[in-house]
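*Asks:* Numbering (full-length UniProt numbering), first residue to last: 1 to 189.
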């Protein structure tokens, strides 16, 4: 039996058991990438299946219910396999968009900053799409004065947007809007 088919059965059984008072659905969805990773189906436990289940919520519950009511495992397994396939394609598309964004920003930040730390700064904002200015300035790979200058350049060239202005002892909070929107698959910021 294939690993994905085993996962379909495991997920349905877990949801049927409903072992906890709260959070069964979230935990069941979290188990999907963990199982896939453990079974060697993916290289790291990062596979977001919830988007598909949320979009097809009625069918998701209908297929699960048909297992207990009619012992209809076939339709559940077909649904689950379709979910994995479609979500994998969407995840791959998002990853490609993010890689394309990284490559386009790489030359831009080098040209704008003329700094040996440009790529370190770019890597930071790709790892932390929302961050406090103080965290960026304290980033160990970039000297603080250079970090401050790069942050200003990123803001002035709209690579970063201020999410919350600095106030008193509270540092400004920045967002890398293009990355957040690419990760979400829509413009949210």
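Positions of the beta carbon are idealized from the N, C-alpha and C atoms, including for glycine.
Small disclaimer: the values here were computed from a predicted structure and weren't measured.
In this structure, how does DSSP classify residue 66 when only helix, strand and coil are distinguished?
*Replies:* Reduced to three states, the DSSP call for residue 66 is helix.
*Asks:* How is residue 96 classed by DSSP in three states: helix, strand or coil?
*Replies:* The answer is helix: DSSP assigns residue 96 an H, G or I state.
*Asks:* Measuring only the C-alpha atoms, how far is residue 150 from residue 188?
*Replies:* Those two C-alpha atoms are separated by around 25 Å.
*Asks:* Could you pull out every residue in the same chain whose Cβ sits closer than 7 Å to the Cβ of residue 37, ignoring the five residues on either side in sequence?
*Replies:* Correct list, in chain order: 44, 45.
*Asks:* When you compare the CB positions of residue 81 and residue 4, do they come within less than 9 Å of one another, or not?
*Replies:* Contact: yes.
*Asks:* Is the separation between the beta-carbon of residue 147 and that of residue 131 shorter than 9 Å?
*Replies:* No, the pair does not count as a contact, with Cβ atoms beyond the cut-off.
*Asks:* Helix, strand or coil: which one does DSSP assign to residue 227?
*Replies:* Outside the shown range of the chain, which is 1 to 189, sits residue 227, and nothing can be said about it.
*Asks:* Ends of the alpha helix (DSSP H) at residue 126?
*Replies:* Here the alpha helix (DSSP H) through residue 126 covers 118-127.
*Asks:* Cutting at 8 Å between CB atoms, please list the residues of its own chain near residue 165, excluding the five before and the five after it.
*Replies:* Cβ neighbours of residue 165 beyond the five flanking positions: 172.
*Asks:* Using only CA atoms, which one of 139, 152, 86, 103 lies nearest to residue 113?
*Replies:* When only C-alpha atoms are compared, the closest one is 152.
*Asks:* Quick one: residues in its chain with C-beta nearer than 6 Å to the C-beta of residue 79, no 5 flanking neighbours on either side, listed in chain order?
*Replies:* Taken in chain order, the residues that qualify are 63.
*Asks:* Using the rule of at least 16 other Cβ atoms within 10 Å of the residue's Cβ for burial, across every protein chain shown, is residue 55 buried or exposed?
*Replies:* That one is exposed.
*Asks:* Any idea which residues DSSP pairs residue 173 with across the strands?
*Replies:* Residue 173 pairs with 132, 164.
*Asks:* Return the Cβ separation of residue 84 and residue 76 in integer angstroms, given the expectation that the two are a contact with Cβ distance under 8 Å.
*Replies:* About 13 Å separates the two Cβ atoms, so there is no contact after all.
*Asks:* Assuming residue 48 and residue 87 are in contact, meaning their beta carbons sit under 8 Å apart, how far apart are those beta carbons, in whole angstroms?
*Replies:* 7 Å between Cβ atoms; contact.
*Asks:* Rounded to the nearest angstrom, what separates residue 8 and residue 157 at their Cα positions?
*Replies:* Distance between the alpha carbons of residue 8 and residue 157: 47 Å.
*Asks:* If I measure Cβ to Cβ from residue 33 and keep anything under 8 Å in the same chain, skipping five residues before and after, which residues do I get?
*Replies:* Excluding residues within five positions, the ones whose Cβ falls inside 8 Å are 42, 45, 46, 47, 48, 49.
*Asks:* Residue range of the alpha helix (DSSP H) that residue 151 falls in?
*Replies:* Counting along the chain, the alpha helix (DSSP H) containing residue 151 begins and ends at 144-156.
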